[in-house]
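From first to last, the protein sequence lines are chains L and P. When we follow the numbering used here, the leftmost residue of the first sequence carries the number 1, and every step to the right adds one. When we follow the numbering used here, the leftmost residue of the second sequence carries the number 1, and every step to the right adds one. Data block below; observations after.
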Amino acid sequence: MIGREREGLTIPPDGRSLDEQPKWRQDFPIDWPQAHYLSRRDFTKFMVLISLAFTAGQFWIALKNLWRRRRGELPLQQIATINQLPIGGAKAFVYPEAHDTCLLLRTDETTFVAFSQKCTHLSCAVVPQPDKNRFFCPCHEGSFDLATGAPIAGPPQRPLPRINLEVRDGVIYATGIEVKTI
Amino acid sequence: MRRRFSREQRLTIVYGILCIVLIIAMLQLWLLMATMNAYLGGDESVIWPAAFVSLIGFSLNSGLLWYLYRMDRKQ
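Put into structure tokens, the structure is as follows:
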């Protein structure tokens, strides 16, 4: 071993000389520093691939946003007539697509509110509880204010998307959706 | 003439690069979560700037990885 370049030697993990190593390690010597170097370099490569995935995710969001903007104005859709809904009553409907379930509520004689039924935490269906003045999500016990849709308890951070309403000649129409971060 | 690094020096360099890559990847993860929250909340103003910042992060990471492979080729 004398005369060999130091970094050409295998250095076992316990730091002792090769002669002091167990037989299995002498029979199957591994260049530990080189193995360390290669494993770290490969992990770095893997992390760069993860970084690429995050960047792809960002551009996917940007493209989804472009698609959402191109959709333009949402259609006007009839939901119910005023007489169909008693005070404190609720009616489920879909808007704007067939899988977007929403809830229309009558809170008093003249006030109607409508929100998306998907919880902003993990998209479970919320249920209205007018006696407790809230929408309740049974999956993780999240709660939203009945009048504003703002999160008031549990894991949800964003309010429920609000459906804009318009009343014409005793008929309630959905005219659009308003989403908020807080 | 460029200096060749010893194996110990290269291990130190790869540790340094790995630390930087990890920090940038964590920042990108945070940025992705914040952007997703903004997108779902209807806030569109941050989407494109966040995408370009993330692209810059990836460019830095791939530049560091390229340096690592170039260093290996020269040994």
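C-beta: ideal position from N, C-alpha, C; glycine also. Remember, it's a predicted structure, so these values are computed and weren't measured experimentally.
In its own chain, which residues sit with a C-beta less than 6 Å from the C-beta of L/MET1, not counting the 5 before and 5 after it?
-> For the purposes of this step, residue 1 of chain L is taken as the residue at position 1 of the first sequence. Confidence is the limiting factor: at L/MET1 the pLDDT is only 39, short of 50, which leaves the residue's position unreliable and the question unanswerable from this model.
Got a sec: is the Cβ-Cβ distance from L/ASN65 to anything in chain P below 8 Å?
-> Looking up residue 65 of chain L in the first sequence gives position 65. Chain P, which has a Cβ nearer than 8 Å to the Cβ of L/ASN65, makes this yes.
Exposed or buried, which one is L/ARG168 when buried takes at least 16 other CB atoms within 10 Å?
-> Locating residue 168 of chain L in the first sequence gives position 168, where the first residue counts as 1. Note on L/ARG168: under 16 other CB atoms within 10 angstroms of its CB, so exposed under the neighbour-count rule.
First through last residue of the beta strand (DSSP E) which encompasses L/SER116 = As a first step, residue 116 of chain L must be located in the first sequence, where it is residue number 116. That run of the beta strand (DSSP E) goes 112-116.
DSSP three-state call for L/GLY3: helix, strand or coil?
-> Residue numbering aside, residue 3 of chain L sits at position 3 when the first sequence is read from its first letter. For L/GLY3, the pLDDT reaches just 39, beneath the cut-off of 50, and the residue's location in the model is therefore unreliable, although a value from the coordinates is still provided. Correct three-state label for L/GLY3: coil.
Taking only beta-carbon positions, decide if P/SER54 is within less than 8 Å of chain L.
-> Within the second sequence, numbered from 1, the residue matching residue 54 of chain P stands at position 54. At a cut-off of 8 Å between beta carbons, P/SER54 contacts chain L.
Should L/ARG71 be flagged as near chain P, meaning a C-beta pair shorter than 8 Å?
-> Numbered from 1 along the first sequence, position 71 holds the residue referred to as residue 71 of chain L. Using a CB distance cut-off of 8 Å, L/ARG71 does not count as an interface residue toward chain P.
In three-state terms, what does DSSP make of P/THR12?
-> Translated into the one-based positions of the second sequence, residue 12 of chain P becomes position 12. Note: P/THR12 maps to helix in three-state DSSP.
With a CB to CB cut of under 6 Å and the five nearest residues on each side skipped, what residues in its chain are close to P/GLN28?
-> Sequence index remark: in the second sequence, residue 28 of chain P carries index 28 (1-based). Annotation for P/GLN28: SER54 and GLY57 place their beta carbon closer than 6 Å to its own, counting only its chain and skipping 5 residues before and after.
Comparing the C-beta of L/VAL126 with each C-beta of chain P, is any distance below 8 Å?
-> In the first sequence, counting from the first residue as 1, residue 126 of chain L sits at position 126. Answer no: the Cβ-Cβ gap between L/VAL126 and chain P never drops below 8 Å.
Runs of beta strand (DSSP E) lying entirely within the region 44-96 of chain L, each at least 3 residues, in chain order | Counting whole runs of 3 or more residues, the region 44-96 of chain L contains the beta strand (DSSP E) stretches 77-81 and 90-94.
Buried or exposed for P/MET161, please, with buried defined as at least 16 other CB atoms from any protein chain shown within 10 angstroms of its CB.
-> This structure cannot settle anything about residue 161 of chain P, because the visible part of chain P is limited to 1 through 75.
At what residues does the beta strand (DSSP E) containing L/ASP145 begin and finish?
-> Here residue 145 of chain L refers to the residue found at position 145 of the first sequence. Bounds of the beta strand (DSSP E) holding L/ASP145 are 142-145.
Of all the residues that make up the region 48-72 of chain P, which are near chain L by a beta-carbon distance shorter than 7 Å?
-> Going along the region 48-72 of chain P in chain order, one finds TRP48, ALA50, ALA51, SER54, LEU55, GLY57, PHE58, ASN61, SER62, LEU65 and LEU68 with a Cβ nearer than 7 Å to chain L.
Does the distance from the CB of L/THR181 to the CB of P/ASP43 come in under 8 Å?
-> On the first sequence, position 181 is the one that residue 181 of chain L refers to. On the second sequence, position 43 is the one that residue 43 of chain P refers to. The criterion of a C-beta distance shorter than 8 Å is satisfied by L/THR181 and P/ASP43.
Residues that L/LEU98 contacts on chain P, provided the C-beta gap is smaller than 8 Å | Residue numbering aside, residue 98 of chain L sits at position 98 when the first sequence is read from its first letter. The displayed chain sequence assigns Ala, not Leu, to residue 98 of chain L. What L/ALA98 touches in chain P: nothing, since even the nearest Cβ is about 20 Å away.
For L/ALA150, does the three-state DSSP call read helix, strand or coil?
-> By one-based count along the first sequence, residue 150 of chain L stands at place 150. Three-state result, L/ALA150: coil.
Cα-Cα separation between L/LEU76 and L/GLY170, rounded to whole angstroms = Within the first sequence, the letter at position 76 stands for residue 76 of chain L. Within the first sequence, the letter at position 170 stands for residue 170 of chain L. In this structure, the straight-line span from the alpha carbon of L/LEU76 to that of L/GLY170 is close to 15 Å.
Alpha carbon to alpha carbon, how far is L/GLN34 from L/PRO96?
-> Position 34 of the first sequence holds residue 34 of chain L. Position 96 of the first sequence holds residue 96 of chain L. Going from the Cα of L/GLN34 to the Cα of L/PRO96 covers about 60 Å.
Taking the alpha-carbon positions, what's the L/PRO13 to L/TRP32 distance?
-> In the first sequence, the residue the question calls residue 13 of chain L occupies position 13. In the first sequence, the residue the question calls residue 32 of chain L occupies position 32. Cα atoms of L/PRO13 and L/TRP32: separation of roughly 7 Å, rounded to the nearest angstrom.
What does P/ILE24 reach in chain L if we use C-beta pairs closer than 8 Å?
-> Your numbering for residue 24 of chain P matches position 24 in the second sequence. Contacts between P/ILE24 and chain L, judged by CB atoms closer than 8 Å, involve SER51 in chain order.
Closer than 8 Å, Cβ to Cβ, to anything on chain P: give me those residues from the region 26-57 of chain L, in chain order.
-> Answer in chain order: PRO33, GLN34, HIS36, TYR37, ARG40, ARG41, PHE43, THR44, LYS45, MET47, VAL48, ILE50, SER51, LEU52, PHE54, THR55 and GLY57.
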